[in-house]
Each structure stands twice: as C-alpha cells, then as structure tokens.
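Asks: Mapped onto the working numbering, the consecutive letters of the sequence shown carry residue numbers 2 to 268. We put the CB at the ideal spot given by N, CA and C, even for glycine. In this text, all values refer to a predicted model and were calculated from it rather than measured experimentally. My questions will all concern the structure given below.
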Amino acid sequence: MFDLDEPRATALITGASSGIGAAFARTLARRGYDLVLVARREDRLQALADELQPGRDIRIETLRADLAKPDDLERVTNRIAMGGMNLVVNNAGVGAYGAFAELPLERQLSMIDLNVRALTAVAHAALRSMQERQRGAIINVASTVAFQPGPYMATYAATKSYVLSFTESLHEEARPHNVTVTCLCPGPVHTEFQDIAGFDMEEWPSFMFEPVERVVSEALDAVRARRALVVPGVAPKAAMVGNRLVPRFVPRRIAALLFQPEEDKTA
Ligand SMILES: NC(=O)c1ccc[n+]([C@@H]2O[C@H](COP(=O)([O-])OP(=O)(O)OC[C@H]3O[C@@H](n4cnc5c(N)ncnc54)[C@H](OP(=O)(O)O)[C@@H]3O)[C@@H](O)[C@H]2O)c1
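Written out as structure tokens, the structure reads:
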C-alpha cells in the first residue's frame, strides 16, 4: 500500500546543502533512493552528490534555487509537478534571533517567503501530483517552537506555528488519497542554523541537542507509521508535554527570560 520502500523511489529534499536536509539525503541514499537536492549553494549540493554517488545505483540531481525568489520557486514546483516523487522533504528554513523591532524587516519578510510561502508552494505541487497517483509522503519541517510563542524569535516561531497547523490540516485532507503528510518538529540540533540565525547556544547542555541522524530516522519511522506529527528525542517530547500542562503564559514568559538579549535587560 505504501511506497516508501519501492525500488527506485525518488525523494526531493529542499535545504539539502547542510544540516538536517543533508542528513536526510545521506540516509535516503543509503536506502537506495534517487534524489533531487535543492538549495542555493550548488557547490555544496554537488559535493554531497559526489560523496553519495560512488558505489550506488541511484540517480542524484542537483537543483540550485533560492526558494525565497518566485522564479526559482516555480522551477522547483515545476520539477515536482513533472511527477514521480515518492517523498518530498520540505526542509529549507532560516531563523533570526533578536527583538522583532530591532531585526531588519526585510530579513523577517524574506524568512516568511522561505519558511511559509515556499513551503506552501512546494507542498501544493507535491500533494497534487501525489494525490493523482494515490501514493507518496511529504515531511514539512517545523520546530518545537511551533508549540508556543517565541519572544526574541517572534517571526521564526510564528512561521513554524504556521507549518505545524498547516501540516496537521493537510494530513487529514491527504489521508483519503493514500498520501501521508507529516510535521517534523525537532528541538535543537547542531547545524549551521544557529550561526545563521545569530543564536548563541554554546552554553546549552549537550543533552538538549538531538543527533541529526536520530532526527531523520525518527521522521522516516513516523512517515512509515503514517503519523501527522513527530517530535524526535526525549527532552523535546518532555518539553512539549510540559507545555500542554501549564497555562499558556508560562512557557512564553520563560522563553522571554531565557532569550532576552543582554542589552534589553538593562533597557
Ligand atoms: N537546527 C536546529 O536546531 C533546528 C531546530 C528546529 C527546526 N529546525 C529547522 O530545520 C530546517 C533545516 O535547518 P538546519 O538546522 O538543517 O539548518 P541549516 O544547516 O542552516 O540548513 C538550512 C538549509 O536551508 C537552505 N536554505 C536557506 N535559505 C534558503 C533559500 N532561500 N532557498 C533555498 N534553500 C535555502 C540552506 O541551503 P543554502 O544556504 O545552500 O541555500 C540549507 O541547506 C529548517 O527549517 C529549520 O527551521 C532546525
């Protein structure tokens, strides 16, 4: 019934040039998937393809695209609309740390273009094509911040809440068409994400970080089990359950205290 293990299955991964996306590519290549790797840094995509190709009878295609730009986004959705995708991992995303009023507006609007607009367009193209074939799976990557407000990452947290709500809705719509849509909500993972977002997590205890390989394997297990939502790891699961048990202002206030920049504390 389900085709994750079909011979010559194809997966398209956005944001495959580093971090979680690259880890999906490595795992899926080991499992014999043909891959379409999407990101802006083509040299990185090519290096990953060169690493994964030797000794494997799989096809790897690289697709350079800035998903925050409409023309590039259209090239990617057109590629998906050509059909044949068994799995689409809607993973590309960026964050930005700082007070909303202090961060440049352009940076936050471009984040919405990537984290929300592009993710929605990719999901639309994938779902149309998969529903026609009555098979396939989509993983939309959100975050544990999707479950609560995120002071000092307000726009980022809001984009991820969108991804969570959107994905859970699509999960139900897609189910009668034999297509699985799963929301992956990782807690902290060591990737380039923190540096790009301007997040200093050097002092955070290591148990709070989930190994990227575990994030990917739990996500793929969740797809196989046709689940709507997966939160990999024990600490993030505990945090999510804890969030549900306390009044809404509690995690919001804790996050504000935890993330308030030094300069705001003295203001
Ligand atoms: N790391 C964490 O702690 C964490 C926790 C929860 C959720 N997440 C989510 O996980 C996803 C992957 O992040 P990561 O941790 O793997 O971070 P990462 O290492 O920085 O990877 C981000 C990926 O997105 C791509 N990307 C960024 N802007 C893009 C654009 N405009 N067009 C196309 N691709 C773009 C990057 O490639 P190029 O720069 O080459 O374009 C890169 O491949 C994100 O959605 C993030 O929000 C991460």
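Roughly how many angstroms separate the alpha carbons of M2 and Q135, rounded to a whole number?
Replies: Residue placement at M2 is poorly supported in this model, since its pLDDT is 40, which falls under 50; the coordinates still yield a value, given next. Going by the C-alpha atoms only, they are around 10 Å apart.
Asks: Is it true that the CB of A30 sits closer than 7 Å to the CB of L53?
Replies: Going by C-beta atoms, L53 is nearer than 7 Å to A30.
Asks: For a test of the three-state rule: what should DSSP assign to R57, helix, strand or coil?
Replies: In the structure shown, R57 sits in coil (DSSP, three-state: anything other than H, G, I, E or B).
Asks: For L185 versus V231, is the C-beta distance shorter than 7 Å?
Replies: Yes. Within cutoff.
Asks: Tell me, please, whether the CB atom of L120 is closer than 7 Å to any CB atom in chain E?
Replies: No chain E is part of this structure, which consists of one protein chain only.
Asks: If we count the other Cβ atoms within 10 Å of its Cβ and call it buried at 16 or more, is M209 buried or exposed?
Replies: M209 should be labelled exposed.
Asks: Quick one, which of E173, H172, K266 and H125 has its alpha-carbon nearest A82's?
Replies: Nearest of E173, H172, K266 and H125 to A82, Cα basis: H125.
Asks: Tell me whether G84, by its Cβ, gets closer than 6 Å to a heavy atom of ligand 1.
Replies: Not so, every heavy atom of ligand 1 lies at least 6 Å from the Cβ.
Asks: Just tell me which of K238, A122, I61 and R76 has its CA closest to the CA of P187.
Replies: With distances taken between Cα atoms, P187 lies closest to K238.
Asks: Which partner residues of N116 appear in the DSSP bridge assignment?
Replies: None, per the DSSP bridge assignment.
Asks: Using CA atoms only, rank isn't needed, just tell me which of V142, L74, Q47 and E107 is closest to T63.
Replies: Residue Q47 is the option with its Cα nearest to T63.
Asks: Starting from the Cα of R80, find the closest Cα among V123, V117 and Q109 and give me that residue.
Replies: Residue V123 is the option with its Cα nearest to R80.
Asks: Measuring only from the beta carbon, is F194 closer than 6 Å to any heavy atom that is part of ligand 1?
Replies: Checking the Cβ of F194 against ligand 1 gives yes.
Asks: Within a Cβ cutoff of 7 Å, which residues of the same chain sit near R249, ignoring the five residues on either side of it in sequence?
Replies: Cβ neighbours of R249 beyond the five flanking positions: none.
Asks: Out of G85, T156, I139 and S111, point me to the one whose CA is closest to G1's CA.
Replies: There is no way to answer for residue 1, as the model of the chain reaches only from 2 to 268.
Asks: Give the DSSP-derived three-state secondary structure of E103 in the structure shown.
Replies: The answer is coil: DSSP assigns E103 none of H, G, I, E or B.
Asks: How should A226 be labelled, buried or exposed, when 16 other C-beta atoms within 10 angstroms of its C-beta is the threshold for buried?
Replies: Exposed, since its Cβ has fewer than 16 Cβ neighbours within 10 Å.
Asks: Just mark S166 as buried or exposed, buried being the case when its beta carbon has 16 or more other beta carbons within 10 Å.
Replies: Label assigned to S166: exposed.
Asks: How many whole angstroms separate the CB atoms of S130 and M86, which I take to be in contact at a CB cut-off of 8 Å?
Replies: About 7 Å separates the two Cβ atoms, so the contact holds.
Asks: Could you have a look at N141 and say whether DSSP puts it in helix, strand or coil?
Replies: In this structure, N141 counts as strand in the three-state DSSP scheme.
Asks: Quick one: is the Cβ of V90 within less than 6 Å of any heavy atom of ligand 1?
Replies: No, Cβ of V90 sits at least 6 Å from all heavy atoms of ligand 1.
Asks: According to DSSP, what are the bridge partners of N244?
Replies: Looking at the DSSP assignment, N244 forms no beta bridge with any residue, so it has no partner.
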